[in-house]
Amino acid sequence: MQIKLKLFSIAKDLAGFDEKVVEVSQGSVAEDVLESLIRSNAKFVDWKKSLRYAVNLEYVHGDFRLKDGDEVAVIPPVSGG
Amino acid sequence: MQIKLKLFSIAKDLAGFDEKVVEVSQGSVAEDVLESLIRSNAKFVDWKKSLRYAVNLEYVHGDFRLKDGDEVAVIPPVSGG
Amino acid sequence: MVQLTKNRIETEEVLRSVIAPESGAVNVFVGTTRNHSNGRRVTSLEYEAYEPMAVKMMERVVREAQGRWDVSRISVVHRIGKVNIGESSVVIAVSSPHRDEAFQACRFLIDRLKQVVPIWKREFFEDGSSEWSLQSHEQETATQAG
Amino acid sequence: MVQLTKNRIETEEVLRSVIAPESGAVNVFVGTTRNHSNGRRVTSLEYEAYEPMAVKMMERVVREAQGRWDVSRISVVHRIGKVNIGESSVVIAVSSPHRDEAFQACRFLIDRLKQVVPIWKREFFEDGSSEWSLQSHEQETATQAG
Chain A
0 MQIKLKLFSI
10 AKDLAGFDEK
20 VVEVSQGSVA
30 EDVLESLIRS
40 NAKFVDWKKS
50 LRYAVNLEYV
60 HGDFRLKDGD
70 EVAVIPPVSG
80 G
Chain B
0 MQIKLKLFSI
10 AKDLAGFDEK
20 VVEVSQGSVA
30 EDVLESLIRS
40 NAKFVDWKKS
50 LRYAVNLEYV
60 HGDFRLKDGD
70 EVAVIPPVSG
80 G
Chain C
0 MVQLTKNRIE
10 TEEVLRSVIA
20 PESGAVNVFV
30 GTTRNHSNGR
40 RVTSLEYEAY
50 EPMAVKMMER
60 VVREAQGRWD
70 VSRISVVHRI
80 GKVNIGESSV
90 VIAVSSPHRD
100 EAFQACRFLI
110 DRLKQVVPIW
120 KREFFEDGSS
130 EWSLQSHEQE
140 TATQAG
Chain D
0 MVQLTKNRIE
10 TEEVLRSVIA
20 PESGAVNVFV
30 GTTRNHSNGR
40 RVTSLEYEAY
50 EPMAVKMMER
60 VVREAQGRWD
70 VSRISVVHRI
80 GKVNIGESSV
90 VIAVSSPHRD
100 EAFQACRFLI
110 DRLKQVVPIW
120 KREFFEDGSS
130 EWSLQSHEQE
140 TATQAG
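Protein chains in written order, with numbering that gives the first Met the number 0: chain A, 0 to 80; chain B, 0 to 80; chain C, 0 to 145; chain D, 0 to 145.
Right, here's the structure in full:
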C-alpha cells in the first residue's frame, strides 16, 4: 500500500525532501517510516527518540497502524510561539 | 492655616465643587476636612468609611497631620481599569 | 511609558513601546468598556482622574512590578474623558525574557492599578442618567503612607 | 480567529476580533523575535508550519481553553515565513467578563501552542549559518491520539 510521507524542519533537511509517496507493507505502523529514513541518512538514528508522528493531521503513537492513502508526517520538536 | 481641598467623583458631586482653598486650624488632620464637607452636605456621613485621603499626591491615613499649603484630596473608591 | 490620554489608545503603539530585542515575551492587558453594569444598559462612559497623582501612582506600581519580576519594559496607558462602548480604557504591556514573568507582572499591574490609581468611572445609561461606579476600597493591599 | 499568516501581525486587528460588548477584560500574549539564541546573535528567523495540522491544532487548543474557562472570544494568529527581529511571531488574544479567566486562558493557550502546534523556527546567524530551534517535546502534556 502507499502512504504520503511529509517531513518538516530538521527531518526535511536530513532526508533532503519534504514530501514523497512511499510504498509500505500491510501492517506497517507509523514509526516504521523511520526505518526507511534511517537507510537514507543514518543521522536519523540520533533523532529517533525526539520525533513524533502524525497521521492525517493527528498525533499518533509510534505503533499506530497505517492504512493505504494515509498522510504520515514526521514531527521534530516543535518551536512555534 | 490654609489648605487646597480637591474633590473627585462622588465627593465632588455631593459638595458641588471640585477645588477650594480652605482655612483649617493648626493641628488639623486629613480626615478633619470631612467635617466641613458634612456641614455642607449631610450625605457625606454615609461616605465617611469609604473615603480615603491624599496629601500632596500621596495616600495618608485619616490622622495624618496637615500643614499650611498642603493639597488635600478626598478620594472616593477608585474605579479605573 | 506611563500616560493618561484623552485619545483612543493605540494598542500597537503601546506594544511597540515595550518591545526589547532581548525579550521575546510580551503580555498585554486591555480593559474595554462594557455595554452593561449591574444589569443596566450602559451607552457610554467617562473617566475622571486626579491626574498628577494618577500618573505618580501608575509610575509607582510600575516600579513595584520591576522590583518583583525580571521584566524588561512596562507601559501603562489609561484613557480619560469620554469613552465609547468597546473602546479601550486601559492598556498595560510588559515585556520579559520569560513569559511567566510577563504574565505575572501584568496581572499584578492591573490589580494594583484598580486598587490605588485615583481614576473614577462614570457610567451613562440609556435613560440619560449617570452614576459613578463605586467599588469599595481594597484597603488591605492598598498603598498607604503617612 | 485562528490564522497562519505570511504578513506582519496587526495587534490592533487581533484585539478587535475578540472585543465583545459584554467582556471588559482582554489578555493578549505577543511573542516577538529575539536578537540572540544560546549566546549567538540572530539576524532573522523563519517559521515553517505543517499548515493544515497547525491550524487544526490551534483550533483544538482554542476549544480546550473555551471548555475550561469562561471566556468570550479567542484569537490565535501565528506568523510563518521570514520574520525580522522585534516583529511578532504570535499573537493570542482572549476576552472574558473576568480578567482572571482571560489571563489564565491566555497563559494556557501559549503553553499548549508551544507544545502541540507543528511550527518550527529556523534562526539565521550573523555568519550566514542557520539552525532549527529544537527544544525537546514536552511529551507528558502533549496531545496524543491513536
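Where is the CB? At the ideal position from N, CA and C, for every residue including glycine. Just so you know, these numbers come straight off a predicted model, no measurement behind them.
- Query: Should the region 98-105 of chain C be called in touch with the region 68-78 of chain B, which here means at least 3 C-beta pairs below 8 Å?
  - Reply: no
- Spell out whether any CB of chain C is found under 8 Å from the CB atom of ILE18(D). Taking the first residue of the fourth sequence as 1, we reach residue 18(D) at position 19. True, the Cβ-Cβ gap to chain C drops below 8 Å.
- Item | Backbone CA spacing between VAL54(C) and ARG33(C) [nearest angstrom] | In the third sequence, the residue the question calls residue 54(C) occupies position 55. In the third sequence, the residue the question calls residue 33(C) occupies position 34. Distance between the alpha carbons of VAL54(C) and ARG33(C) is about 24 Å.
- Against chain C: residues of the region 105-119 of chain D by CB proximity under 8 Å: CYS105, ARG106, ILE109
- Hey, which unbroken runs of the alpha helix (DSSP H) at 4 residues or more fall wholly within the region 3-33 of chain B? 8-14
- If you drop the 5 nearest sequence neighbours on each side, which residues of the same chain put their C-beta closer than 8 Å to that of GLY80(D)? Taking the first residue of the fourth sequence as position 1, residue 80(D) is located at position 81. These residues qualify, in order along the chain: LYS5, GLU45, TYR46.
- Report buried or exposed for PHE16(A), applying the criterion of at least 16 other Cβ atoms within 10 angstroms of its Cβ. By one-based count along the first sequence, residue 16(A) stands at place 17. Exposed: under 16 other Cβ atoms inside 10 Å.
- Query: Mind listing which residues of the region 60-79 of chain A have their C-beta closer than 7 Å to chain D's C-betas, in chain order?
  - Reply: HIS60, PHE63, ALA72, ILE74, PRO75, PRO76, VAL77, SER78, GLY79
- Please confirm if PHE102(C) has its CB atom under 8 Å from at least one CB of chain D. Working through the third sequence from its first residue, we reach residue 102(C) at position 103. Yes, PHE102(C) lies at the interface with chain D (some Cβ there is under 8 Å from its Cβ).
- Task: Note down, one range per segment and in chain order, each beta strand (DSSP E) of at least 3 residues found wholly within the region 78-138 of chain C.
- Result: 80-83, 87-95, 118-124, 129-131
- Does GLU47(C) have its Cβ less than 8 Å from a Cβ in chain B? Locating residue 47(C) in the third sequence gives position 48, counting from the first residue. Closer than 8 Å to some Cβ of chain B, the Cβ of GLU47(C) qualifies, so yes.
- Message: By alpha-carbon positions, which one of PHE28(C), TRP119(C), LEU3(C) ends up nearest to VAL17(D)?
- Response: In the fourth sequence, counting from the first residue as 1, residue 17(D) sits at position 18. Taking only the C-alpha atoms, the option nearest VAL17(D) is PHE28(C).
- Task: Enumerate in chain order the residues of its own chain whose CB-to-CB distance from LEU3(C) is below 7 Å, with the five nearest sequence positions on each side excluded.
- Result: As a position in the third sequence, residue 3(C) is number 4, starting the count at 1. Counting only Cβ-Cβ distances below 7 Å, and skipping sequence neighbours, we find ALA48, GLU50, ALA53, VAL54, HIS77, ILE79.
- Message: Tell me which residue opens and which closes the alpha helix (DSSP H) that SER43(D) is part of.
- Response: Start at 1 with the first residue of the fourth sequence, and residue 43(D) comes out as number 44. Segment 39-48 is the beta strand (DSSP E) holding SER43(D); no alpha helix (DSSP H) there.
- Message: For VAL23(A) and ILE2(A), which I take to be in contact (beta-carbon distance under 8 Å), what is that distance rounded to the nearest angstrom?
- Response: Residue mapping note: residue 23(A) aligns to position 24 of the first sequence, counting from 1. Residue mapping note: residue 2(A) aligns to position 3 of the first sequence, counting from 1. About 6 Å separates the two Cβ atoms, so the contact holds.
- Query: By Cβ distance below 8 Å, which residues in the same chain neighbour ALA19(C) in space, the five residues on each side in sequence not counted?
  - Reply: Start at 1 with the first residue of the third sequence, and residue 19(C) comes out as number 20. If we look at ALA19(C) and ignore the five residues flanking it on each side, its Cβ neighbours are SER71, ARG72, SER94.
- Query: Could you give the distance in angstroms between the alpha-carbon of LEU133(D) and the alpha-carbon of SER49(A)?
  - Reply: Against the fourth sequence, residue 133(D) aligns to sequence position 134. Against the first sequence, residue 49(A) aligns to sequence position 50. Cα-Cα distance, rounded: 10 Å.
- Contact set between SER8(A) and chain D, taken where Cβ atoms lie within less than 7 Å: Working through the first sequence from its first residue, we reach residue 8(A) at position 9. What SER8(A) touches in chain D: GLU47, TRP119, TRP131.
- Is it buried or exposed for TYR52(A), if we count other Cβ within 10 angstroms and need 16 for buried? Here residue 52(A) corresponds to residue number 53 of the first sequence, with the count starting at 1. Buried, since its Cβ has 16 or more Cβ neighbours within 10 Å.
- chain D residues whose Cβ lies nearer than 8 Å to that of ALA53(A): For this step, residue 53(A) is matched to residue 54 along the first sequence. Neighbours of ALA53(A) on chain D, chain order: TYR49, MET52, PRO117.
- Of all the CB atoms in chain D, is at least one closer than 8 Å to the CB of LYS42(A)? For the purposes of this step, residue 42(A) is taken as the residue at position 43 of the first sequence. By this cut-off, LYS42(A) is not an interface position.
- THR32(C), DSSP secondary structure in three states: Mapped onto the third sequence, residue 32(C) falls at position 33. Residue state, collapsed to three classes: coil.
- Under 6 Å Cβ to Cβ from ILE84(C), same chain only, skipping five residues before and after it: list those, please. Reading the third sequence from its first residue, position 85 is the one you call residue 84(C). Cβ neighbours of ILE84(C) beyond the five flanking positions: THR32, ASN34.
- GLY38(C) versus GLU21(D) - alpha carbon distance: Here residue 38(C) refers to the residue found at position 39 of the third sequence. Here residue 21(D) refers to the residue found at position 22 of the fourth sequence. Whole-angstrom Cα-Cα distance: 11 Å.
- According to the Cβ coordinates, are ARG7(C) and GLU100(C) closer than 8 Å? Residue numbering aside, residue 7(C) sits at position 8 when the third sequence is read from its first letter. Residue numbering aside, residue 100(C) sits at position 101 when the third sequence is read from its first letter. No.
- So is THR140(C) buried or exposed if we call it buried at 16+ other beta carbons inside 10 Å? Numbered from its first residue, the third sequence carries residue 140(C) at position 141. Residue confidence is low: THR140(C) scores 35 on pLDDT, short of 50, so the model does not pin down where it sits. No coordinate-derived value is stated.
- Task: Could you name the residues that DSSP lists as bridge partners for SER22(C)?
- Result: For the purposes of this step, residue 22(C) is taken as the residue at position 23 of the third sequence. DSSP lists ALA19(C) as partners of SER22(C).
- Pick helix, strand or coil for GLU70(B), following the three-state DSSP scheme. To locate residue 70(B), count along the second sequence from 1; it is residue 71. Note: GLU70(B) maps to strand in three-state DSSP.
- Would you tell me roughly how many angstroms separate the C-alpha atoms of GLU122(C) and VAL77(B), rounded to the nearest one? The residue labelled residue 122(C) in the question sits at position 123 within the third sequence. The residue labelled residue 77(B) in the question sits at position 78 within the second sequence. Cα-Cα distance, rounded: 14 Å.
- Message: For VAL41(C) and PRO75(B), I'd like the C-alpha separation in whole angstroms.
- Response: Counting from 1 along the third sequence, the entry for residue 41(C) is found at position 42. Counting from 1 along the second sequence, the entry for residue 75(B) is found at position 76. One C-alpha to the other measures close to 21 Å.
- Integer Cβ distance of VAL73(B) from VAL32(B), believed to fall under 8 Å: As a first step, residue 73(B) is located in the second sequence; it is residue number 74 there, counting from the start. As a first step, residue 32(B) is located in the second sequence; it is residue number 33 there, counting from the start. Their Cβ separation, rounded to whole angstroms, is 7 Å, which keeps VAL73(B) and VAL32(B) in contact under 8 Å.
- Message: Quick check on HIS35(D) - is its C-beta less than 8 Å from some C-beta in chain A?
- Response: In the fourth sequence, the residue the question calls residue 35(D) occupies position 36. No, because no Cβ of chain A sits closer than 8 Å to the Cβ of HIS35(D).
- Message: From the DSSP secondary-structure annotation, give me the bridge partner or partners of ALA53(A).
- Response: Walking along the first sequence from the start, residue 53(A) turns up at place 54. Paired residues: TYR58(A), ALA72(A).
- Query: What span of residues does the alpha helix (DSSP H) with VAL44(A) cover, start to end?
  - Reply: Numbered from 1 along the first sequence, position 45 holds the residue referred to as residue 44(A). That run of the alpha helix (DSSP H) goes 43-46.
- Message: Taking the beta strand (DSSP E) that LEU3(C) belongs to, which residues open and close that run?
- Response: Position 4 of the third sequence, counted from the start, is the residue given in the question as residue 3(C). LEU3(C) -> beta strand (DSSP E) spans 1-4.
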